[in-house]
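Student:
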Amino acid sequence: MTISMNLNNVDLSNCDREPIHIPGKVQSHGFLLAVDSESLLITYASENTKDYIAVEAKNLLGKPYDNFEELAGLNIKSGQLLQMIHLGGVKKDFGSINPYPVQIDEADFYMIISASGKSFLIEFEAATLEYDIQNQIGKSVSEILGGKSLKSLLHNTAKEIRDIIHYDRVMIYKFLEDGHGEVIAEVKNDDLEPFYGLHYPASDIPKQARELYKLNYTRIIADVNTESAPILTLEIDEPLDLTHSVLRAVSPIHIQYLKNMGVESSFSISLIAHGELWGLIACHNYSPKFIDYKAREGSALIGKIVSSALEYREDEEHEQQSTSYQLAMSLISLHLTKDEDLVSALTGQEYTIKDIAGASGAAVLYDNEISTIGVTPNQQQLRELFDWLKFTMDDAIYYTHRLPEVFPSAKAYKEVGSGIIAAMVSKDMDEIVVWFRPEQITEIHWAGNPEKPVVLSENGLMNLSPRNSFETFSQQVENTALKWTKTEVSNVMKLREKIINTINKKAGEIRILNERLRRAYEELDTFSYTISHDLRTPLTSIKSYTELVIMSNKSLDEQGKNLLKRVVAGADKMNFLINEILKLARVGRAEVEFAELDMDKIVKDSAAEAIMAMKAQKVSLTFGELPSIMGSPVLISQIFSNLIGNAVKYSLVKEHPAVHIEGVKEEEEVVYKIQDNGIGIDIGHRDKVFELFKRMENVKDIEGTGVGLAIVKRIVEKHNARIWFESELEVGTIFYIAFKI
Amino acid sequence: MPPDIFYVEDDQDFAFIMQYAVKEVSEDLTVSIAEDGNAAIATLQRFAEEKHRPRLILLDLNLPGLSGLDVLKRIKEIPFFKYVPVILFSTSDDINDVRTSLEIGANAFLTKPSGYHNLILCVRSLYDFWFTQNRSIN
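Protein chains in written order, with my numbering: chain A, 162 to 902; chain B, 994 to 1131.
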């Protein structure tokens, strides 16, 4: 009984499961036999044998292959073709035998043998000897590999392939991450519409078809308009596996697909990189076209060479990229360790942080200042983004290539920041670094609307009609940037660690400096105290001896006495200065013991003392509220003695000198003010007023040392209070001191 | 004979000037000087044994070795000197020093005057108060 193998029922919904390797048919530009590997009987034969040889397919079934030559009426000694099967069977490889030339009716044919389960497939197809691949391949390969970049490598490949096998269109088709493909190189007849840059949905080349491309490096579809020849067999339920068949019939879906495109024959060469189908060299012809086995093998060889070149070039470009990342990383690290300024180490050098992650811009928030490099959103937008990140981020690193989808405000700057990587340096301190990438593809040109792959046709062939529109369908792909690679993300993580280390180190250094400064201050206080103290003793001796001489030496004349009196005056002056320094040093040494102070008494006593000391009864003294504060009684008295003393001293030259003191209780502070109508302070010297030994130009005729206000300032600092003043020359001065409540 | 004033002072200049000042105040007034705390204690113990009692002890605060306050403590431990006025005599007018010395039993704390004139004024005042007006104490 002869049974025609049935085409499995296929519809588009299970298109991925269509068993295209066992179609039960072969393309009719050749014929196929299958021989059982043990019995060596012919078990399968394509129905079209009669088109090529003198015997009906059904009459071959069950016959020994040994007799094939005779049955087929070939002018070859019987058993010779079987010998080839034996030869390859022993080696388990038919690569060296294929293609085996056979003459059928004066015409040249190739016999091509392959294994299929427990059978051998034996296929016969024309040997046209049309394309002399062997001679051209050397030149072509050197042309192809001449391109320095991946892009030129691919363009050269398309061009050379077209030059060798003359298809109307040769494209390089690359599979992208989600399985959809893009035409990234194309060489074609001038009259054809370019497909370059078009994207094809993943469903155009279903998964199992892609698996077959990995097993068979070439695939020819000679003529979409010929009927495929069914395979006849006596075996029931044993569909023949045609995976390695060169004649394997084409899925009707794919035939329809090609027809819809207007393509009448096609040829493809697989490009494999790192064991995965990287893409295809797809050749289209707009009329039937057949290239023979040797031409196809030659093309496959070019495909293999290009594949390995691809692998190498991709690795190389990847390598170059990572080398430049590494260079940027190490230079930035260097600056981080040796530069004073963290932000300038990150953004101000030849290599900046944007170079470690292939970003087009980056922003650093540090010390509440935003610094940017390259193209970034504006300051306002950055602030908002940082706030959002602070709120959102749970981990140290966050990245997305579709920011506007998760953070809608980012739509406003999707052109510069659709992709971000954020590294939180410190949430508490508001320290964050963010890298930006622009919206990458604003438009994908699909070859036909990918959302509607099926268009109903009236003849009921719906399930076999994949797409009949290849009109370019432009889809806006918005809010999406190029994905961040693992290397880029890990670089950001590494850099974050380095920044944190740098900050910690700097913080440590500052702590040490602070401690040193504090100790230096203490030592200075002790030093000034000791030295002033020790200076006083010899000074006293100078004065005492001088006075002793003046008093007891009778031989001294008046002039001698006067000169010696100058010595005494000098010693007095120096003694006074030393006492002032001692007072200042004592403030530094004093531990403040806070107590609630009766300010009414302290202020009024200080004022009375100042009036007394300067014999300044003509000064009109007035007081407002004098609320109590917390502080050291001795030190606070010193403040008011000094400030009221100054107010009195510097207003005394006026006709109606007036000094007013009051304290105002505010929310968190008591602010005291000491106001006079004296000579005033030149605002130009504002900063120097509290400096030690600094006296203003307009007081040089008035006695003073320039220590008083320095003491006041130190006491104020000891109390964590603030002091400032307002003044106008010849109008008066107001000093304010704000004590914390 | 014990001196009228027993003065503990390590600064030779000050001691020298003091001797002049004392003579300036009264030719009869005598002063004896100890240069450090240990010497002062030794001399005073000898005085106590010999029942010699100075009328006034002046004590510098900053002394090498035994400090003025230490010396003060030791003096106050000797019953024989219980009623001898001890006056701290120092360039420092540090509040803490003043308080401590008074706590230990000093009878007064005087800041060393600067200069010969002031010293004479100071010694004269001491003399008038402790030697003339309060003769009964001794």
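The beta-carbon is built from N, C-alpha and C at its ideal position, and this holds for glycine as well.
Which of helix, strand or coil does DSSP assign to residue 898(A)?
Tutor: Reduced to three states, the DSSP call for residue 898(A) is strand.
Student: Roughly how many angstroms lie between the CA atoms of residue 277(A) and residue 410(A), to the nearest whole one?
Tutor: Straight-line Cα distance between these residues: approximately 16 angstroms.
Student: Quick check: residue 851(A) and residue 792(A), are their CB atoms within less than 8 angstroms of each other?
Tutor: No. Outside cutoff.
Student: Helix, strand or coil for residue 882(A), going by three-state DSSP, please let me know.
Tutor: The answer is coil: DSSP assigns residue 882(A) none of H, G, I, E or B.
Student: Pop quiz: residue 340(A) and residue 363(A) are said to be a contact at Cβ under 8 angstroms. What is the actual Cβ separation, rounded to whole angstroms?
Tutor: Rounded, the Cβ-Cβ distance is 3 angstroms, consistent with contact.
Student: Just checking, does the region 1047-1060 of chain B make contact with the region 1115-1124 of chain B on the three C-beta pairs under 8 angstroms criterion?
Tutor: Result yes; three or more Cβ-Cβ pairs closer than 8 angstroms.
Student: With a cut-off of 8 angstroms, does the C-beta of residue 847(A) fall near any C-beta of chain B?
Tutor: Not one chain B Cβ lies under 8 angstroms of residue 847(A).
Student: I'd like the ranges of any beta strand (DSSP E) spanning at least 3 consecutive residues and lying wholly in the region 435-496 of chain A.
Tutor: The region 435-496 of chain A contains these whole beta strand (DSSP E) runs: 437-446.
Student: In the DSSP assignment, find the beta strand (DSSP E) that holds residue 1110(B) and state where it starts and stops.
Tutor: Element bounds for residue 1110(B): not the beta strand (DSSP E) but the alpha helix (DSSP H), 1109-1119.
Student: Please say whether residue 204(A) and residue 404(A) have beta carbons closer to each other than 8 angstroms?
Tutor: No, these two residues do not count as a Cβ contact at 8 angstroms.
Student: Residue 692(A) bridges to which residues according to DSSP?
Tutor: In the DSSP output, where bridge partners are listed per residue, residue 692(A) has none listed.
Student: Using a Cβ-Cβ distance cut-off of 8 angstroms, determine whether residue 1019(B) contacts chain A.
Tutor: By this cut-off, residue 1019(B) is not an interface position.
Student: Taking Cβ positions only, does residue 744(A) come closer than 8 angstroms to chain B?
Tutor: By this cut-off, residue 744(A) is not an interface position.
Student: For residue 905(A), collect the residues of the same chain with a Cβ closer than 7 angstroms to its Cβ; drop the 5 residues on either side in sequence, then sort them by chain order.
Tutor: Outside the displayed range of chain A (162 to 902) lies residue 905(A), so it cannot be described from this structure.
Student: Buried or exposed, going by whether 16 or more other CB atoms sit within 10 Å of the CB of residue 613(A)?
Tutor: At residue 613(A) the pLDDT is 45, less than 50, meaning the model places this residue with poor confidence; the figure from the coordinates comes in the next sentence. By the 10 Å Cβ count, residue 613(A) comes out exposed.
Student: For residue 388(A), does the three-state DSSP call read helix, strand or coil?
Tutor: Three-state DSSP puts residue 388(A) in coil, outside helix and strand.
Student: Return the CA-CA distance between residue 875(A) and residue 777(A), expressed in angstroms with no decimal places.
Tutor: Cα-Cα distance, rounded: 27 angstroms.
Student: Give the straight-line distance between the Cα atoms of residue 446(A) and residue 426(A), rounded to the nearest whole angstrom.
Tutor: Distance between the alpha carbons of residue 446(A) and residue 426(A) is about 5 angstroms.
Student: Suppose the cutoff is 6 angstroms on Cβ atoms and the five residues either side in sequence are ignored; what does the same chain contact list for residue 594(A) look like?
Tutor: The residues are 525, 584.
Student: Counting only beta-carbon atoms, is residue 1131(B) nearer than 8 angstroms to chain A?
Tutor: For residue 1131(B), the predicted model reports a pLDDT of 46, less than 50, meaning its position is unreliable; a value from the coordinates is still stated below. So, not an interface residue.
Student: Tell me the DSSP secondary structure of residue 252(A) in three-state form.
Tutor: Residue state, collapsed to three classes: helix.
Student: Judging by CA-CA distance, which residue of 549(A), 685(A), 522(A) is the nearest neighbour of residue 536(A)?
Tutor: Minimum Cα distance to residue 536(A) is reached at 522(A).
Student: Nearest chain A C-beta to residue 1023(B) closer than 8 angstroms, yes or no?
Tutor: Taking Cβ atoms only, chain A never reaches closer than 8 angstroms to residue 1023(B), which makes this a no.
Student: Give a yes or no on whether 8 angstroms exceeds the smallest Cβ distance from residue 1075(B) to chain A.
Tutor: It does not: the Cβ of residue 1075(B) has no partner Cβ on chain A nearer than 8 angstroms.
Student: In chain order, which alpha helix (DSSP H) runs of at least 4 residues are fully inside the region 186-247 of chain A?
Tutor: Within the region 186-247 of chain A, the complete alpha helix (DSSP H) runs of at least 4 residues are 218-221, 229-233.
Student: Determine, for residue 1112(B), whether the minimum Cβ-Cβ distance to residues of chain A falls below 8 angstroms.
Tutor: It does: the Cβ of residue 1112(B) has a partner Cβ on chain A nearer than 8 angstroms.
Student: Nearest-angstrom Cα distance between residue 643(A) and residue 564(A)?
Tutor: Going by the C-alpha atoms only, they are around 12 angstroms apart.
Student: Since I believe residue 708(A) is in contact with residue 1109(B) (beta carbons under 8 angstroms), could you give me their beta-carbon distance rounded to a whole number of angstroms?
Tutor: The Cβ separation is near 3 angstroms, so the contact holds.
Student: Using 8 angstroms as the limit for Cβ to Cβ distance, is residue 1007(B) near chain A?
Tutor: It does; some Cβ of chain A falls within 8 angstroms.
Student: How about residue 1106(B) and residue 1114(B): do their beta carbons lie closer than 8 angstroms?
Tutor: A contact, by the Cβ cut-off of 8 angstroms.
Student: Give me, in chain order, the residues of the same chain whose beta-carbon lies closer than 6 angstroms to that of residue 994(B); leave out the 5 immediate sequence neighbours on both sides.
Tutor: There are no such residues.
Student: Tell me where the beta strand (DSSP E) around residue 343(A) begins and ends.
Tutor: 342-349 is the span of the beta strand (DSSP E), which, as asked, contains residue 343(A).
Student: Going by DSSP in three states, residue 787(A) sits in which element: helix, strand or coil?
Tutor: Coil.
Student: Does the beta carbon of residue 1080(B) sit closer than 8 angstroms to a beta carbon anywhere in chain A?
Tutor: Residue 1080(B) does not count as touching chain A.
Student: Output the distance between the C-alpha atoms of residue 787(A) and residue 765(A), rounded to the nearest integer angstrom.
Tutor: Their backbone Cα atoms lie some 10 angstroms apart in a straight line.
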